[in-house]
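Notes follow once the structure below has been shown.
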Amino acid sequence: MKTLWGSEQRAISFTDVWGSGGVWPSQAAFSKVDVSVDSALGLSAVLRAVRLLSDVVSSLPIHAYRGSGADRVRIPTQPQLITDPSLVLTIDEWLGQAMTSVLLYGNAYGIVVTRDGLGVPTGVEWVSPTHISVDRPSALSLPTYQLSGETIPTENVLHIRGFMKPGAVAGSAPLTMQRETIGLGIAAQKF
Numbered sequence: 008m009k010t011l012w013g014s015e016q017r018a019i020s021f022t023d024v025w026g027s028g029g030v031w032p033s034q035a036a037f038s039k040v041d042v043s044v045d046s047a048l049g050l051s052a053v054l055r056a057v058r059l060l061s062d063v064v065s066s067l068p069i070h071a072y073r074g075s076g077a078d079r080v081r082i083p084t085q086p087q088l089i090t091d092p093s094l095v096l097t098i099d100e101w102l103g104q105a106m107t108s109v110l111l112y113g114n115a116y117g118i119v120v121t122r123d124g125l126g127v128p129t130g131v132e133w134v135s136p137t138h139i140s141v142d143r144p145s146a147l148s149l150p151t152y153q154l155s156g157e158t159i160p161t162e163n164v165l166h167i168r169g170f171m172k173p174g175a176v177a178g179s180a181p182l183t184m185q186r187e188t189i190g191l192g193i194a195a196q197k198f
């Protein structure tokens, strides 16, 4: 670009950011850093935010109530899925893993591993969102889930979604939505 003072050289141009199609590239545009879950967790602000939210949610008391206002009464007995949902994790660890998964990937996926005599789920084990894919063939159909390529019946999946765009079947990962900010933080940390 010619200016009054001679030629101007820019470190980044409009096409570097938006490309030719008007969409963000796979890496953070300005920082030129690939942002993954592991690289984002290497940024102390991301790690601390995820840890804080997971710890707060996992430490909240879980109680069920019937009624409202002055008529509100605590229900003493709760379903096993609420009090003891995992064969290997405490309720705090189980809730913490769900929240961490939603914060990092936008979704938490659990596989129902036990049911009571009425068929009500009593145990759910979380699986890594990187091993599950979800699809919905049409707007009027139920989602279909595949775990490492094997189809899992929808009734055997507990799917907790984070932020969802209209018409989406899965949540959007905050790391993807904030890729540029995280990429700039990682680049600054490396510098």
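When you read off a place in the sequence shown, starting at 1, and then add 7, the result is the number in the working numbering. The beta carbon of each residue, even a glycine, is placed where N, CA and C say it ideally should be.
* Please work out which residues of its chain come closer than 8 angstroms, Cβ to Cβ, to Thr161, disregarding the five sequence neighbours upstream and downstream, and give them in chain order. => Excluding sequence neighbours, Thr161 sits near Leu149, Pro150, Thr151, Tyr152.
* **Own chain residues within Cβ distance below 7 angstroms of Arg122, not counting five before or after** => Around Arg122: Pro128, Thr129.
* For Thr158, is the classification buried or exposed, using 16 other Cβ atoms within 10 angstroms of its Cβ as the cut-off for buried? -> Exposed, because fewer than 16 other Cβ atoms sit within 10 Å of the Cβ of Thr158.
* To do: Reducing DSSP to helix, strand and coil, say where Leu154 ends up.
  => DSSP places Leu154 within a strand segment (E or B) once states are collapsed to three.
* To do: Could you tell me whether the stretch 78-86 touches the stretch 38-46, using the rule of 3 or more Cβ pairs below 8 angstroms?
  => For the pair of segments examined, the stretch 78-86 was found not to touch the stretch 38-46: the number of CB pairs separated by less than 8 angstroms stays below three.
* To do: Look up Glu162 in the DSSP assignment and give the residues it is bridged to.
  => Answer is none; Glu162 lacks a bridge partner.
* Thr183 (DSSP reduced to helix, strand or coil) -> In the three-state reduction of the DSSP assignment, Thr183 falls in the helix class, which pools H, G and I.
* Assign Pro144 to one of two classes, buried (16 or more other C-beta atoms within 10 Å of its C-beta) or exposed (fewer than that). => Looking at its Cβ environment, which holds fewer than 16 other Cβ atoms inside 10 Å, Pro144 is exposed.
* Asked: I think Ser179 touches Gly190, with their Cβ atoms under 8 angstroms apart; what is that distance to the nearest whole Å?
  -> In fact, because the Cβ distance is near 17 angstroms, the residues do not count as touching under 8 angstroms.
* Within the stretch 58-143, note down every full beta strand (DSSP E) run reaching 3 residues or more, in order along the chain. => Complete beta strand (DSSP E) runs here, min 3: 71-73, 80-82, 114-122, 128-134, 139-142.
* Asked: What residues match up with Ile167 in a beta bridge as DSSP calls it?
  -> DSSP, once it has assigned bridges, lists Ala115 as partnering Ile167.
* Residue from Tyr116, Val64, Leu102 whose Cα sits closest to the Cα of Asn163 -> The residue with the shortest Cα to Cα distance from Asn163 is Tyr116.
* Go ahead and label Ile193 buried or exposed: buried means 16 or more other beta carbons lie within 10 angstroms of its beta carbon, across all protein chains shown. => Buried.
* To do: Take every Cβ of the stretch 96-113, pair it with every Cβ of the stretch 58-70, and state whether three or more of those distances are shorter than 8 angstroms.
  => Judged by pairs of C-beta atoms under 8 angstroms, the stretch 96-113 touches the stretch 58-70, as three or more such pairs exist.
* From Val176 to Leu110, what does the alpha carbon distance come to, in whole angstroms? -> The alpha-carbon separation between Val176 and Leu110 amounts to approximately 17 angstroms.
* To do: Leaving aside the five residues before and after Met171 along the sequence, list all residues of the same chain whose C-beta is less than 6 angstroms from its C-beta, in chain order.
  => So the qualifying residues of the chain are Gly178.
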